[in-house]
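Taking it in order: structure first as structure tokens, then the write-up.
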Amino acid sequence: MLKADRRQELASISAASMANRDTPLVRNAWYVAARSDEIGRNLFSRQYLGISTVLFRKEDGTPVALQNRCCHRSFPLSEGKLFGDVLECGYHGFRYNTSGRCIAVPSQDRPPQNIGVRAFPVIEKKPFIWIWPGDPDLADEALLPHQEYFDHPDWAVNIGFLNIKGSYVHLHENLLDLSHLSFLHDKTFGTPEYAKAPIESTVEDEHFEVWRHVECVLPPIYSKPLGWENEKALRSSGSLFVTPGLHVNTGILKNLDKPEKMEKLQPLVKVAQLITPETNTSTNYYYAQCRNFCIDDEEMGAFMLKANQAAFSEDVFAIEHINRMQDIDRTPDFYEIDVPADRPGVAMRRHLKRLSD
Numbered sequence: 000m001l002k003a004d005r006r007q008e009l010a011s012i013s014a015a016s017m018a019n020r021d022t023p024l025v026r027n028a029w030y031v032a033a034r035s036d037e038i039g040r041n042l043f044s045r046q047y048l049g050i051s052t053v054l055f056r057k058e059d060g061t062p063v064a065l066q067n068r069c070c071h072r073s074f075p076l077s078e079g080k081l082f083g084d085v086l087e088c089g090y091h092g093f094r095y096n097t098s099g100r101c102i103a104v105p106s107q108d109r110p111p112q113n114i115g116v117r118a119f120p121v122i123e124k125k126p127f128i129w130i131w132p133g134d135p136d137l138a139d140e141a142l143l144p145h146q147e148y149f150d151h152p153d154w155a156v157n158i159g160f161l162n163i164k165g166s167y168v169h170l171h172e173n174l175l176d177l178s179h180l181s182f183l184h185d186k187t188f189g190t191p192e193y194a195k196a197p198i199e200s201t202v203e204d205e206h207f208e209v210w211r212h213v214e215c216v217l218p219p220i221y222s223k224p225l226g227w228e229n230e231k232a233l234r235s236s237g238s239l240f241v242t243p244g245l246h247v248n249t250g251i252l253k254n255l256d257k258p259e260k261m262e263k264l265q266p267l268v269k270v271a272q273l274i275t276p277e278t279n280t281s282t283n284y285y286y287a288q289c290r291n292f293c294i295d296d297e298e299m300g301a302f303m304l305k306a307n308q309a310a311f312s313e314d315v316f317a318i319e320h321i322n323r324m325q326d327i328d329r330t331p332d333f334y335e336i337d338v339p340a341d342r343p344g345v346a347m348r349r350h351l352k353r354l355s356d
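Counting from 0, one number per residue, gives the positions in the sequence shown under numbering that gives the first Met the number 0.
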């Protein structure tokens, strides 16, 4: 058995190799900036990876993202006005085109050469607008992690949003960890059987994925829309890290008590977790709950979205408490201990650390 001091030494070595809330954010990646229907001709401001940004649509409908900080006196451009496709600062009237270049300074005949604000690459793939906060020369559309079921006639999609006062690293780790469902989510997603169910994990290069297969009575979020209340089912739950901005959870459901109910329906749920760091210690969190059943039932969609919101709010509760504890507790040489169930999350955090270097 390892002595306590040796265990702490190993924990400190492990911690040094993993991303945490102080690790530089991964900028060269696509992140969701907003839902498509949030961006119009009104000026929309939000912070992405520590940069205040203003979004709007050109007159032809094309989305634009500019740094939200006037190059003159740092007034937020989101408090200005649009004139056609020109954005005017509300403080001194500096005007910017959609590439971010300053094209007019009212107090003089011509603006100084080569002044302006940063323009960010954006791509719209409904229902989302994606932003690339890093090197624009590396913003390859082929890297965009758009999921085909976001806009597909055989799928229903309901989208929710949460802001988290905590690190996106902790959210990614939470999503790769199925061992907490029986405890943190005991009133929503979790069932008692989950705690000791075998874990199938894949940890290869940039592939981090976990699965659990549990025979149980489904929680109401699934049993109610399917009409499987109090019926035993096989619930297969998977979680896949895709990019720093996307995590996908999958639920495959099979009725064991009444297999005849499977003849016309093979229930499948995909929940895309769209994760955009605001800062190192705050995160914007969209989630798209996608399903191949009850696709025309708006009332059922609203029920499932509300249930998801309740469950994911429990994750927010945990992550914010972790962040707060790391703020207030200054125990010298404290290092978290890892257990085998943490292996995929630890590997993913090491991957984020490498990407940030």
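Glycine included, every Cβ here is placed at the ideal spot set by N, Cα and C. Since the model is a prediction, treat every value here as computed from it, not as a measurement.
A distance below 8 Å between beta-carbons, with the five flanking residues on each side excluded, links asparagine 162 to the following residues of its chain, in chain order: Glu277, Ser281, Thr282, Asn283 and Tyr284. According to DSSP, cysteine 215 shares a beta bridge with Ala232. Approximately 28 Å separates the beta-carbon atoms of leucine 225 and phenylalanine 127; this is outside 8 Å, ruling out the contact. A Cβ-Cβ separation of about 6 Å places lysine 269 in contact with tyrosine 148 under the 8 Å criterion. The secondary-structure analysis by DSSP pairs tryptophan 129 across a beta bridge with Val31 and Ile122. The residue from Thr249, Asp150, Gly79 and Lys231 with its alpha-carbon nearest to that of leucine 255 is Lys231.
Taking the Cα of proline 111 as reference, the smallest distance to any Cα among Glu78, Cys70 and Leu65 is reached at Cys70.
If you keep only unbroken beta strand (DSSP E) runs of at least 3 residues inside the stretch 26 to 85, you get 30 to 34, 43 to 47, 50 to 56, 62 to 66 and 80 to 82. Cβ neighbours of threonine 242 within its own chain (closer than 6 Å, five residues either side excluded): Ala28 and Pro144.
DSSP places lysine 195 within a helical segment (H, G or I) once states are collapsed to three. Leaving aside the five residues that flank isoleucine 50 on each side, the residues in its chain whose CB is nearer than 7 Å to its CB run, in chain order, Gln66 and Pro132.
Counting C-beta pairs with one atom in each stretch, the stretch 166 to 181 and the stretch 337 to 349 have three or more that are closer than 8 Å, which means they touch. Of all C-beta pairs linking the stretch 287 to 304 to the stretch 318 to 326, fewer than three are shorter than 8 Å, placing the two stretches out of contact. Exclusion of the five residues before and after glutamine 308 leaves Gly159 as the residues of its chain whose Cβ lies within less than 7 Å of its Cβ. DSSP assignment within the stretch 251 to 315 yields no whole alpha helix (DSSP H) run of 4 residues or more. Between glutamate 208 and the set Ala306, Ala118, Asp150 and Phe240, the nearest pair of CA atoms involves Phe240. Considering only His184, Cys215 and Ser235, the residue with the shortest C-alpha distance to isoleucine 198 is Ser235. Per the coordinates, the alpha-carbon of lysine 352 lies some 34 Å from the alpha-carbon of lysine 186. Between the alpha carbons of aspartate 356 and valine 121 lies a distance of about 24 Å.
Contact annotation: tyrosine 90 and phenylalanine 74 have beta-carbon atoms nearer than 8 Å. The C-beta distance from arginine 349 to serine 16 rounds to 5 Å, short enough to meet the 8 Å contact threshold. Put simply, the backbone Cα of proline 218 is about 6 Å away from that of phenylalanine 188.
Between the beta-carbon of tyrosine 221 and that of leucine 267 there is about 11 Å, and that puts the pair past the 8 Å contact cut.
Secondary structure within the stretch 139 to 180: the beta strand (DSSP E) runs of 3 or more consecutive residues, fully enclosed, are 155 to 163 (chain order). Alanine 340: not part of any alpha helix (DSSP H); DSSP gives it neither H nor E. Nearest to alanine 155 by alpha-carbon distance, out of Lys57, Met303 and Asn322, is Met303. For isoleucine 102, the secondary structure class from DSSP, reduced to helix, strand or coil, is strand.
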